[in-house]
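This report concerns only the one structure given below.
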Amino acid sequence: MFYRNEPLRDFPLSRRALEVGRDRSCDIVVHDASVPDRAWVVAPAGGTVACYRPGPRPRPRHLPYDRPLVLGQHSLVRVRDGGDPYPSLTDPVTDRVAPIQANGGVPVVSVGVGADARRIRLDDLPVHVGSSPDNGLVLSDRTVSRSHCRLLAVEGGVAVRDLGSRNGTWINGVRVECGRVSIGGKIRVGRTDLWILENDPIREDLVVASSAMKGLVVEATRYARLSWPVLIEGPSGAGKEGIARLLHRESSRADRPFVAVNAGAMAPDLVASELFGHTKGAFTGAASSHRGVFEQAHGGVLFLDEVGELPLPAQAQLLRVLETWEVRPVGSEAAIAVDVRLLCATHRDLRAMVRRGAFREDLYFRMARLTLGVAPLAQRVEDIAPLAQHFLDGVASEVGPRTLSDGGLSALLSYHWPGNVRELRNVVCAAAVASAGEVLEAMDVERALAASGAERPVDRTPEQMTAIVAQYGGNLSAAARALGVPRTTLRDRFRRQRA
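Rendered as structure tokens:
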């Protein structure tokens, strides 16, 4: 730190972010009226140093050596280790706490309960909490101050600092200026509870609310401990890869590679090369050697998606690998031993394909030693609300915080989602981008559905609706479940048709 070009203090920067500003709660306090209360966050980033403006959507800026970060009449300059020894900061404003270890978990702060819960990861940067929209966590609680408190992830929990709030920051019923909360603890700000939770790796790819998905996760976790192949069945976009990643994370191979490949996207004449590799000059265009996905996944997990699209010759080659656990790259005479756990997925009925001769029976039984089935989204409507909020939270750093109104949620629930979770994500994200406000109304969702070309069940012709109900013997409840709409919606549609 310099003041009027004169060295003032030296601030060591290890693995913890430092907040810079005029407010007394900052790690580096700048006594200058022209400097904002919280001006910058300076943090190590991949071997360099980045600086950010605090807020919900920080944009990192590289801070080169010897180039000042101007703060009124003060300036911060990044110097190399062993630079001029300025007086060291021995009594920092914030408590010294251990930084998160590289292999440690990242805590999350959870606000709300059930399907309405919001979860924000607490990574390396401090997160400010308050009612002002420039906070990282914005709360619509009138008893919360504009800038209420600051959270920073540390080993085993979160360091908390009150920012001069009018109603205080409370930990275990005690009002604090600064303190520490362990995993599982609660922070009270205004009338809002913030729960500090351990980051659940399942939620990175899966949001589980329905009994069907909860049962599937339990079953998959049990299978993860085994080394046998697993076949994951379910419609496109339902979340089969999320289950595959769960199997990897919960297994003894979690620290080894996870390689995912879509068999349906392979050119028919290059399937063998993609799976098993090739040597230089093996065929026209093979300018260099290539390691196939089995070699790439050696020691880890190979996820072969859309396995039902493999042509019969490739199925025979794959069967040979599963029998010997050796691959022979195209153009090579030498076999290479591989140690891989194979996970396969398909949206096709492989048993029917076996009966038609389109899929090898011996390969099917090799792959399907264990099987898991992912239900379509229309059959697990309890997952729609938490999934939608999960996707909204995921784009909050780019478009701002978003939530669903009751009408917006009803619009989502009334659609049958033939594209499953993938389609839901696209529609929700499109609605978030197009929305003028933080709350997505039914109109926002309807517009996003219309823009995606979605066919609304309630917009089908009377003849189509009658035929669907007749297909279920006049049972409105069964027909409504098949369409993915509430029974009352279907009933009201028929009443309007008769009017």
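Going letter by letter, the sequence shown gives residues 969 to 1467 in the numbering used here.
Note that CB positions come from ideal geometry on N, CA and C, so glycine has one too.
In terms of alpha-carbon separation, which member of Ser1100, Gly1098, Leu1105 and Ser1099 lies closest to Arg1077?
Along the sequence shown, read from residue 1 onward, the residue named residue 1077 stands at position 109. In the sequence as displayed, the identity of residue 1077 is Val instead of Arg. Closest option to Val1077, Cα to Cα, is Leu1105.
Check for me: the alpha helix (DSSP H) holding His1216 runs from which residue to which?
Against the sequence shown, residue 1216 aligns to sequence position 248. Lys1208 to Arg1217 is the extent of the alpha helix (DSSP H) around His1216.
Looking at Val1407 and Arg1370, is the spacing between their C-beta atoms short of 9 Å?
Taking the first residue of the sequence shown as 1, we reach residue 1370 at position 402. Taking the first residue of the sequence shown as 1, we reach residue 1407 at position 439. Cβ distance < 9 Å, so Arg1370 and Val1407 count as in contact.
Reduced DSSP secondary structure (H/G/I, E/B, other) of Ala1235:
Sequence index remark: in the sequence shown, residue 1235 carries index 267 (1-based). DSSP places Ala1235 in coil when its eight states are reduced to three.
Let me know the secondary structure DSSP gives Arg1328 once reduced to three states.
Numbered from 1 along the sequence shown, position 360 holds the residue referred to as residue 1328. Note: Arg1328 maps to coil in three-state DSSP.
Flag this pair as yes or no: are the beta carbons of Ala1356 and Leu1380 separated by less than 9 Å?
Counted from its first residue, the sequence shown places residue 1356 at position 388. Counted from its first residue, the sequence shown places residue 1380 at position 412. The answer is yes: Cβ separation under 9 Å.
Glu1329 versus Val1322 - alpha carbon distance:
As a working mapping, residue 1329 is identified with position 361 in the sequence shown. As a working mapping, residue 1322 is identified with position 354 in the sequence shown. Taking the straight line joining both Cα atoms gives about 6 Å.
Under the three-state DSSP convention, the category Asp1223 falls into
Here residue 1223 is taken as the residue at index 255 of the sequence shown, counted from 1. If DSSP states are grouped into helix, strand and coil, Asp1223 belongs with coil.
Inter-residue spacing [alpha-carbon to alpha-carbon] between Leu976 and Val988
As a first step, residue 976 must be located in the sequence shown, where it is residue number 8. As a first step, residue 988 must be located in the sequence shown, where it is residue number 20. Going by the C-alpha atoms only, they are around 15 Å apart.
Which residues in the same chain as Glu1263 place their Cβ atom closer than 7 Å to its Cβ, once the five residues preceding and following it in sequence are excluded?
Locating residue 1263 in the sequence shown gives position 295, where the first residue counts as 1. Gly1245, Val1295, Ile1304 and Val1306, listed in sequence order.
Kindly give me the distance between the Cβ atoms of Arg1148 and Val1122, rounded to whole angstroms, as I take these residues to be in contact under 8 Å.
Looking up residue 1148 in the sequence shown gives position 180. Looking up residue 1122 in the sequence shown gives position 154. Contact flag correct, Cβ pair sits at about 7 Å.
Just how far apart, CA to CA, sit Ala1282 and Arg1461?
Your numbering for residue 1282 matches position 314 in the sequence shown. Your numbering for residue 1461 matches position 493 in the sequence shown. The alpha-carbon atoms of Ala1282 and Arg1461 are separated by roughly 50 Å.
Tell me which same chain residues have a C-beta within less than 6 Å of the C-beta of Thr1062, skipping the five on either side of it?
Counting from one through the sequence shown, the residue named residue 1062 turns up at place 94. At Thr1062, the pLDDT of 34 sits below 50, so the modelled position is not reliable; the number obtained from the coordinates is stated separately. Correct list, in chain order: Asp995.
The segment 1214-1229 / the segment 1268-1279 touching (three or more Cβ pairs under 8 Å):
yes
With a threshold of 16 other CB atoms inside 10 Å of the CB of Pro1094, please say whether the residue is buried or exposed.
Locating residue 1094 in the sequence shown gives position 126, where the first residue counts as 1. It counts as buried.
Within 8 Å, do at least three Cβ pairs link the segment 1386-1397 to the segment 1338-1358?
yes
Pairing CB atoms from the segment 1350-1368 with CB atoms from the segment 1309-1319, are three or more of them under 8 Å?
no
Residue range of the alpha helix (DSSP H) that includes Lys1182
Working through the sequence shown from its first residue, we reach residue 1182 at position 214. Start and end: Ser1179 to Ala1192.
On the CB-based measure, 16 or more other CB atoms within 10 Å of its CB, does Leu981 come out buried or exposed?
One-based indexing of the sequence shown puts residue 981 at position 13. Flag for Leu981 reads exposed.
Would you mind working out which of Val1298, Val1289, Ser1300 and Gly1299 sits nearest Arg1309, comparing C-alpha positions?
Residue numbering aside, residue 1309 sits at position 341 when the sequence shown is read from its first letter. Residue Val1289 is the option with its Cα nearest to Arg1309.
Whole-angstrom Cβ separation of Leu1044 and Met969, contact assumed at under 8 Å?
By one-based count along the sequence shown, residue 1044 stands at place 76. By one-based count along the sequence shown, residue 969 stands at place 1. At roughly 6 Å, the Cβ-Cβ gap stays under 8 Å, so Leu1044 and Met969 are in contact.
Cα-Cα separation, Leu1184 to Arg1393:
Translated into positions along the sequence shown, residue 1184 becomes position 216. Translated into positions along the sequence shown, residue 1393 becomes position 425. If I take the Cα positions, the gap works out to 21 Å.
With Val1395 and Ser1420 assumed to form a contact (beta carbons below 8 Å), what rounded beta-carbon distance in angstroms separates them?
Translated into the one-based positions of the sequence shown, residue 1395 becomes position 427. Translated into the one-based positions of the sequence shown, residue 1420 becomes position 452. Val1395 to Ser1420, Cβ: 6 Å. Contact.
Output needed for Trp1196: all residues of its chain with C-beta closer than 7 Å, excluding positions within five of it in sequence on either side, in chain order.
Counting from one through the sequence shown, the residue named residue 1196 turns up at place 228. Excluding residues within five positions, the ones whose Cβ falls inside 7 Å are Arg1337 and Leu1338.
Helix, strand or coil for Asp1351 per DSSP?
For the purposes of this step, residue 1351 is identified with residue 383 of the sequence shown, where counting begins at 1. DSSP places Asp1351 in helix when its eight states are reduced to three.
I need the DSSP call for Phe1251, collapsed to helix, strand or coil.
By 1-based counting over the sequence shown, the position of residue 1251 is 283. Coil at Phe1251, not helix or strand.
In chain order, which beta strand (DSSP E) runs of at least 3 residues are fully inside the segment 1099-1125?
1117-1122
Under a Cβ-count criterion, where at least 16 other Cβ atoms within 10 Å of its own Cβ denotes burial, should Arg1213 be classed as buried or exposed?
Taking the sequence shown and counting its residues from 1, one reaches residue 1213 at position 245. Label assigned to Arg1213: buried.
Please state the DSSP three-state secondary structure of Leu1278.
As a working mapping, residue 1278 is identified with position 310 in the sequence shown. Coil.
Can you give the Cα-Cα distance for Val998 and Pro1036, rounded to whole angstroms?
Taking the first residue of the sequence shown as position 1, residue 998 is located at position 30. Taking the first residue of the sequence shown as position 1, residue 1036 is located at position 68. Each residue's alpha carbon lies about 15 Å from the other.
For Phe1327, tell me which candidate among Ala1001, Leu1287 and Ala1233 has the shortest Cα-Cα distance.
The residue given as residue 1327 occupies position 359 in the sequence shown. Taking only the C-alpha atoms, the option nearest Phe1327 is Leu1287.
Using only the alpha-carbon positions, how far apart do Ile1139 and Ile1155 sit?
Position 171 of the sequence shown, counted from the start, is the residue given in the question as residue 1139. Position 187 of the sequence shown, counted from the start, is the residue given in the question as residue 1155. Distance between the alpha carbons of Ile1139 and Ile1155 is about 5 Å.
Give me the Cβ distance between Ala1112 and Leu1119, rounded to the nearest whole Å; I'm assuming they're in contact under 8 Å.
By one-based count along the sequence shown, residue 1112 stands at place 144. By one-based count along the sequence shown, residue 1119 stands at place 151. The residue you asked about is not Ala; residue 1112 is Val in the sequence shown. Not quite, the Cβ-Cβ distance comes to about 14 Å (not below 8 Å), so this is no contact.
Which residue from Tyr1191, Gly1205 and Asp1237 puts its Cα closest to that of Glu1218?
Start at 1 with the first residue of the sequence shown, and residue 1218 comes out as number 250. Checked all of Tyr1191, Gly1205 and Asp1237; the closest Cα to Glu1218 is Tyr1191.
Beta-carbon gap between His1216 and Leu1340 smaller than 9 Å:
Counting from one through the sequence shown, the residue named residue 1216 turns up at place 248. Counting from one through the sequence shown, the residue named residue 1340 turns up at place 372. In this structure, Leu1340 does not lie closer than 9 Å to His1216 by Cβ.
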